[in-house]
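Each number in this note's numbering comes from the position in the sequence shown (counting from 1) with 5 added on. Backbone N, C-alpha and C define an ideal beta-carbon position, used for all residues, glycine too. These numbers were taken from a predicted model, which means no experiment stands behind them.
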Amino acid sequence: MVLCGCRLAFPSFAMKKLLVAVAAASVWCAQADNFPSRPITLVVPFAAGGPTDRSARDLALALQKPLGTSVILIDNVAGAGGSIGANKVAKAAPNGYTLLFHHISMATMPALVRDIPFKVETDFEFLGMVSDVPMTLVGRTSLPAKNFKELLPWIARTKGRINLGHAGVGSASHLCGLMFQSAIQVDMTTVPYKGTAPAMADLMGGHIDLLCDQTTNTSAHIEAKRVIAYGVTTAKPLSTPALREVPTLQSQGLKGFEVTVWQGLYAPRGTPADVLAKINAALKLALKDPDFVKKQEALGAAVVTDQRVEPAEHRKFVMAELAKWSPILKAAGVYAD
Ligand code: MLT
Numbered sequence: 006m007v008l009c010g011c012r013l014a015f016p017s018f019a020m021k022k023l024l025v026a027v028a029a030a031s032v033w034c035a036q037a038d039n040f041p042s043r044p045i046t047l048v049v050p051f052a053a054g055g056p057t058d059r060s061a062r063d064l065a066l067a068l069q070k071p072l073g074t075s076v077i078l079i080d081n082v083a084g085a086g087g088s089i090g091a092n093k094v095a096k097a098a099p100n101g102y103t104l105l106f107h108h109i110s111m112a113t114m115p116a117l118v119r120d121i122p123f124k125v126e127t128d129f130e131f132l133g134m135v136s137d138v139p140m141t142l143v144g145r146t147s148l149p150a151k152n153f154k155e156l157l158p159w160i161a162r163t164k165g166r167i168n169l170g171h172a173g174v175g176s177a178s179h180l181c182g183l184m185f186q187s188a189i190q191v192d193m194t195t196v197p198y199k200g201t202a203p204a205m206a207d208l209m210g211g212h213i214d215l216l217c218d219q220t221t222n223t224s225a226h227i228e229a230k231r232v233i234a235y236g237v238t239t240a241k242p243l244s245t246p247a248l249r250e251v252p253t254l255q256s257q258g259l260k261g262f263e264v265t266v267w268q269g270l271y272a273p274r275g276t277p278a279d280v281l282a283k284i285n286a287a288l289k290l291a292l293k294d295p296d297f298v299k300k301q302e303a304l305g306a307a308v309v310t311d312q313r314v315e316p317a318e319h320r321k322f323v324m325a326e327l328a329k330w331s332p333i334l335k336a337a338g339v340y341a342d
């Protein structure tokens, strides 16, 4: 009896647990099989209309077909140099329906800001890299310095009374601005925005003096002469028609001045492997979409064609960038906090 009672009591408890586990597993399997069965939200951690937003919207379009969804919503969660948006995704449900499109700041923010609310190494799944985007140092058209040769004497004359815009502490434009100040040994007044879209609007309105921003935001304005281009942040000049006349900052005296803003796709840690695999497969197709490639190249960006599209290589690359930038930023004494 006792044995029998045990037998009856134990299976009923174990069975319940088993049924719960089976139900959970089948929901999980169904999720992975049907994914995506509802709209995906792609978080952009900067203001709408800026370079990150532009690349993310282009990518969202290119991802829709291979992912089999007509809806990828862009959520601009701007502020604190991109860390608010990144943190939102780090804390989101790990189901593939909330993704992050982010850039070099994933590797430079931890060196620039010592107290960020997420850990790049452990809070994200790496889904693959998307593109590499050079930057350009640009100025308002009313500046008396019409080229880089005239810029440094003008900066010296103003005794640093210069407003340099950026997209918040730890952002790419902040990093580039810090590198520029460090390279020429001048402290400027830095003016933070929620993205370089509003910073660019203020530059063109003459409210700030300088901005270092991605070519995906600057090239159209450079071409239309709405800003003065002082230099690109690559080792070699760019071949994009809008930018091919812009000399490198290195060739104009800023030795070793080089920064490229790489962009990548992330999911919250713990997202099921099948879902990650589906997104990565779609990403690989999206990066070969001729429309997507053409749009990025026209703005000076290079779509990733190498191994960094593989999640493991993406992770490896970001970890290497973390290791690369920390000592550079520390040596330059450019902590933001
Ligand atoms: C933006 O999209 O506004 C910029 O990429 C921000 C930045 O400079 O990091």
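Counted as a single uninterrupted DSSP element, the beta strand (DSSP E) harbouring Arg145 occupies residues 129-145. By a beta-carbon distance limit of 8 Å, Gly84 does not contact Gly182. Their separation comes to about 18 Å. Taking the C-beta atoms as reference points, Gly175 is found no nearer than 7 Å to Met193.
With respect to the 7 Å criterion, Leu105 and Tyr271 are classified as neighbours on the basis of their beta carbons. As computed with DSSP, Gly269 is found in a beta bridge with His107, Met134. Remark: the C-beta of Gly73 is outside contact range of the ligand MLT, defined as less than 6 Å to any heavy atom.
For the segment 234-289, the continuous beta strand (DSSP E) assignments of 3+ residues that do not extend past its boundaries occur at 265-273, in sequence order.
Beta-bridge pairing by DSSP links Val48 to Asp80, Leu105.
Secondary structure note for Leu169: its beta strand (DSSP E) is the uninterrupted segment 168-171.
The set of residues with a C-beta under 5 Å from any non-hydrogen atom of the ligand MLT comprises Phe51, Gly55, Pro56, Thr57, Ala172, Ser176, Ala177, Ser178, Gly200, Thr201, given in chain order. When Thr221, Ala177, Val48 are compared, the shortest CA-CA separation from His108 is found for Ala177. Taking a contact to require three or more Cβ pairs closer than 8 Å, the segment 148-159 and the segment 250-258 qualify as touching.
DSSP places Pro197 inside the beta strand (DSSP E), whose first and last residues are 194-197. For Leu132, the closest of Lys329, Val308, Ala325, His319 by C-alpha to C-alpha distance is His319. Only buried fits Ala67, as 16 or more other CB atoms lie within 10 angstroms of its CB. Counting C-beta pairs closer than 8 Å gives fewer than three between the segment 69-78 and the segment 303-318, which falls short of the contact rule. Residue nearest to Pro197 within the set Gln190, Val191, Met205 is Met205 (criterion: CA-CA distance).
By the neighbour-count criterion, in which a residue is buried when 16 or more other Cβ atoms sit within 10 angstroms of its Cβ, Lys151 is exposed. Closest option to Val191, judged by alpha-carbon separation, among Glu126, Glu250, Leu169: Leu169. Fewer than three pairs of CB atoms, one per stretch, sit closer than 8 Å, so the segment 211-225 makes no contact with the segment 286-298. Here Arg43 is exposed: its Cβ has fewer than 16 other Cβ atoms, across all protein chains shown, within 10 Å. Here Val280 is actually not in contact with Met184; their C-beta atoms are around 38 Å apart, not less than 8 Å. Take Phe322, set aside five residues on each side of it, and the residues of its chain with a beta-carbon closer than 8 Å to its own are Met134, Trp267, Arg313, in chain order. Between Val232 and Thr253, the C-beta gap is not smaller than 7 Å, which leaves the two residues out of contact. Collapsing the DSSP output to three states places Leu215 in a strand.
Considering only Thr220, Pro273, Asn92, Pro115, the residue with the shortest C-alpha distance to Pro332 is Pro115. In this structure Gly305 touches Thr220 by the C-beta definition: roughly 3 Å separates them, less than 8 Å. Residue pairing by DSSP places Ala307 opposite Asp137 in a beta bridge.
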